[in-house]
Amino acid sequence: MIKPLFKREFLGYFRSPVAYVFLVAFLVISVSLALSRFGGFFEANSASLERYFIFYPWLFLFLVPAVGMRLWSEERRSGTIELLFTLPVTTLEAVVAKFLAAWAFVVLAIALSFPLVITVAYLGSPDWGVMASSYLGAVLMAGAYLGVCSLTSSLTRNQVVSFVVGVVVCAALLFLGLSGFTHFLEGFLPVWIADAVANFSFITHFEPLLKGIVDPKDIVFFLSVIGSALLLNVIALER
Amino acid sequence: MIEVKGLVKTYGTKRAVDGVSFTVRRGDILGFLGPNGAGKSTTMKMITGYLRPDAGSALVDGTDVAADPVAVKRKLGYLPENAPAYPEMTVAEFLGFIAEVRGFSGSEARRAHVARAARLTHLEPVLGQAIETLSKGYKQRVGFAQALLHDPAALVLDEPTDGLDPNQKNEVRSLIRSMAVEKAVILSTHILEEVEAICTRVIIISRGRVVVDETPAALQARKPGARLDEIFRSLTQSE
Ligand SMILES: Nc1ncnc2c1ncn2[C@@H]1O[C@H](COP(=O)(O)OP(=O)(O)OP(=O)(O)O)[C@@H](O)[C@H]1O
Ligand SMILES: [Mg+2]
């Protein structure tokens, strides 16, 4: 029963111009950040996309909640949630279907960066392993952000509230891993606690993948963030 | 067919439904009456598995909603109050989606069911129109079409004729009457003539409790010669 729900949700993005605005905005912002002075895509003089992906955690912080905010808030606001949950589907199926549709949409946005891949392939000889693991990391991290946003959107019927709460929770999960914050914690907490806290950050698990290090730990981390967010999502809806 | 035993639902400190019990057999059209806020919609939401009751149970065709909600939802057609539907979809897309979720996955079966539902509710002229651009009466018909699409054994209709023009009201009533031969139907309404016209039984609820459960003729016999709305007023204001 997941397929029709997935299809409706995914195609739903393209029924409004918002989807196209989003895809273009994502592409323009991500590429211009990479090409900017801060990114130094060309100055780095290496055939890799690291300077492009390095901004993803920050970009996702605002763009993924924009995709995820409507997932459940919109159903609550328009009353269609009552229709959905009197159709023969379980809450879990509905949560998974809607999540996968939103994830597929974000993956599409990420995939639109392929001209950059062609560019670096044309200009030099990139390390395809690193390239693949970077894309894997980006997709997994997008899923983790989206899981959190799906959960927060199930808590309110207001999309703006849903967006803001989504950004705040994701920001918390991001900042935990910034080295400045970890050093700050180490000032008054044992190092192992500071490390444990940093371990909950998206950045901590994203950066190794950017460097081409595929550690199962990082993959399991992202998958378990997705899993637990969706589980809480189901509980929040069945409440 | 539908068996309701001691349903209770409390919102905060307010008891919206307070021990409602009744049964509906095949061939019955049960008219659900009561002042605003009496608990009609809340009772229907519990029968259809959208809300979990605080106490009591609802059985459809022998299956307890609490034990196997998906099985019950498969057997039921439900028109929620205000007929929620996904506004950006066209009528055809929406009914196609419902058909798919209802398990008609082959495109031939899907088309046949959508066509039948659209024919019964006179939706053919607007099949290609987005639901958000429909008038209220047409939206209501979309909700009705969605509820009877899978030819369910039991129908729960929350104010099915709300917003319809007089011709359509009659049309819907005769449709309900013709379908009810092999179905169990519960419909709520504020139109007392509707009850006289099609219902085989009347339940009046007031402040969450059943105050009347009898045939329309017996209700009329309580005060021979009086209009039904006078009888309704005396029954729902006496407490
Ligand atoms: N989500 C909710 N939260 C709090 N109270 C609610 C909620 N839904 C319904 N109620 C309350 O429960 C009571 C019964 O509401 P219900 O919608 O079942 O009435 P109704 O009989 O369908 O009325 P109407 O004829 O106006 O449709 C009302 O007092 C209403 O305010
Ligand atoms: Mg109501």
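Protein sequence lines, in the order shown, are assigned to chains A and B.
Read in order, the letters of the first sequence are residues 0 to 238 in numbering that gives the first Met the number 0.
Read in order, the letters of the second sequence are residues 0 to 238 in numbering that gives the first Met the number 0.
Backbone N, C-alpha and C define an ideal beta-carbon position, used for all residues, glycine too.
Exercise. Quick one: does L70/A have its CB under 8 Å from some CB of chain B?
Worked result: Residue mapping note: residue 70/A aligns to position 71 of the first sequence, counting from 1. No, L70/A does not count as interfacial toward chain B.
For this session: State yes or no: is the C-beta of V100/B within less than 8 Å of the C-beta of M0/A?
Result: Taking the second sequence and counting its residues from 1, the one referred to as residue 100/B is at position 101. Taking the first sequence and counting its residues from 1, the one referred to as residue 0/A is at position 1. Yes; because the gap between Cβ atoms is below 8 Å, this pair is in contact.
Exercise. Which ranges does the alpha helix (DSSP H) cover as unbroken runs of at least 4 residues, wholly within the region 146 to 189 of chain B, from first to last along the chain?
Worked result: Counting only runs of at least 4 residues, the region 146 to 189 of chain B fully encloses the following alpha helix (DSSP H) elements, listed from N- to C-terminal order: 165 to 178.
Exercise. Exposed or buried, what is F29/A when buried is set at 16 or more other beta-carbons lying within 10 Å of its beta-carbon?
Worked result: Counted from its first residue, the first sequence places residue 29/A at position 30. Residue identity differs from the one stated: residue 29/A is Ser in this sequence, not Phe. S29/A counts as buried, since at least 16 other C-beta atoms from the protein chains shown sit within 10 angstroms of its C-beta.
For this session: Indicate, with yes or no, if ligand 2 has a heavy atom lying under 7 Å from the CB of L80/B.
Result: Along the second sequence, read from residue 1 onward, the residue named residue 80/B stands at position 81. Residue identity check: residue 80/B is Glu in the sequence provided, not Leu. Indeed, a heavy atom of ligand 2 lies less than 7 Å from the Cβ.
Exercise. Would the beta-carbon of K44/B be found less than 7 Å away from any heavy atom of ligand 2?
Worked result: In the second sequence, counting from the first residue as 1, residue 44/B sits at position 45. Because no heavy atom of ligand 2 lies under 7 Å away, the Cβ of K44/B does not count as near it: no.
Exercise. Based on the DSSP output, what are the partners of T89/B in its beta bridges?
Worked result: Mapped onto the second sequence, residue 89/B falls at position 90. When beta bridges are read from the DSSP output, T89/B appears opposite A129/B.
For this session: With 8 Å as the limit, tell me which residues of the region 72 to 89 of chain B have their beta carbon closer than that to any beta carbon of chain A; keep them in chain order.
Result: Under the 8 Å Cβ criterion, the region 72 to 89 of chain B contributes K72, R73, L75, Y77, P79, N81, P83, A84, Y85, P86, E87 and M88.
Problem set entry | Beta-carbon contacts of G5/B that lie in its chain and below 8 Å, excluding the five residues immediately before and after | By one-based count along the second sequence, residue 5/B stands at place 6. Apart from sequence neighbours up to five positions away, the residues of its chain that approach G5/B with a beta-carbon distance below 8 Å are G18, V19, S20, A54, G55 and S56, ordered along the chain.
Problem set entry | For I202/B and T235/B, believed in contact at Cβ under 8 Å, the rounded distance | Against the second sequence, residue 235/B aligns to sequence position 236. Against the second sequence, residue 202/B aligns to sequence position 203. Incorrect: roughly 12 Å between the Cβ atoms, too far for contact.
Exercise. In its own chain, which residues sit with a C-beta less than 7 Å from the C-beta of E73/A, not counting the 5 before and 5 after it?
Worked result: Taking the first residue of the first sequence as 1, we reach residue 73/A at position 74. Short of 7 Å from the beta carbon of E73/A, and not among the five residues preceding or following it, lie these beta carbons of its own chain, in chain order: Q158.
Exercise. Around the C-beta of F183/A, are 16 or more other C-beta atoms found within 10 angstroms, so that it is buried, or is it exposed?
Worked result: Taking the first sequence and counting its residues from 1, the one referred to as residue 183/A is at position 184. Burial call: exposed.
Exercise. Taking Cβ to Cβ, would you say I1/B is nearer than 8 Å to V16/B?
Worked result: What you label residue 1/B is simply residue 2 of the second sequence in a count that begins at 1. What you label residue 16/B is simply residue 17 of the second sequence in a count that begins at 1. Not in contact: I1/B and V16/B (Cβ atoms no closer than 8 Å).
Problem set entry | Close-in-space but distant-in-sequence residues of the same chain around D63/B (CB under 7 Å, 5 per side omitted) | In the second sequence, counting from the first residue as 1, residue 63/B sits at position 64. Around D63/B: S56.
Problem set entry | Where G30/B falls: helix, strand or coil (DSSP) | Sequence index remark: in the second sequence, residue 30/B carries index 31 (1-based). If DSSP states are grouped into helix, strand and coil, G30/B belongs with the strands.
Exercise. Below 8 Å, can you find three or more Cβ-Cβ pairs linking the region 128 to 135 of chain A to the region 186 to 201 of chain A?
Worked result: Too few Cβ pairs lie closer than 8 Å, so no.
Exercise. With 8 Å set as the bound, which would you pick, yes or no: does the beta-carbon of R101/B sit closer than that to a beta-carbon of chain A?
Worked result: For this step, residue 101/B is matched to residue 102 along the second sequence. Under the Cβ criterion of 8 Å, R101/B is counted among the residues facing chain A.
Problem set entry | Three-state secondary structure (DSSP) of K8/B | For the purposes of this step, residue 8/B is identified with residue 9 of the second sequence, where counting begins at 1. In the structure shown, K8/B sits in a strand (DSSP, three-state: E or B).
Exercise. Alpha carbon to alpha carbon, what distance is there between G76/B and D150/B?
Worked result: Within the second sequence, the letter at position 151 stands for residue 150/B. Within the second sequence, the letter at position 77 stands for residue 76/B. Using only the alpha carbons, I get a separation of about 8 Å.
Exercise. For G67/A, which residues from the same chain have a beta carbon less than 7 Å from its beta carbon, with the 5 sequence-adjacent residues on both sides left out?
Worked result: Taking the first residue of the first sequence as position 1, residue 67/A is located at position 68. Cβ neighbours of G67/A beyond the five flanking positions: A101, L145, C148, S149, S152 and G165.
Exercise. Hey, how far is the Cα of V17/A from the Cα of T42/B?
Worked result: If you number the first sequence from 1, residue 17/A lands on position 18. If you number the second sequence from 1, residue 42/B lands on position 43. As the crow flies, the alpha-carbon of V17/A is around 38 Å from that of T42/B.
Exercise. Along chain B, which residues have their Cβ under 8 Å away from the Cβ of L4/A?
Worked result: Locating residue 4/A in the first sequence gives position 5, where the first residue counts as 1. At a C-beta separation below 8 Å, L4/A has these neighbours in chain B: V100.
Problem set entry | 8 Å contact criterion, which K135/B and G162/B should meet: CB distance rounded | In the second sequence, residue 135/B corresponds to position 136, counting from 1. In the second sequence, residue 162/B corresponds to position 163, counting from 1. At roughly 4 Å, the Cβ-Cβ gap stays under 8 Å, so K135/B and G162/B are in contact.
Exercise. Looking only at DSSP bridge pairs, what is T76/B linked to?
Worked result: Taking the first residue of the second sequence as 1, we reach residue 76/B at position 77. The sequence shown places Gly at residue 76/B, not Thr. DSSP lists L154/B as the beta-bridge partner residues of G76/B.
Exercise. Mapping DSSP to helix, strand and coil, what is F21/B?
Worked result: The residue you call residue 21/B lines up with position 22 of the second sequence. Correct three-state label for F21/B: strand.
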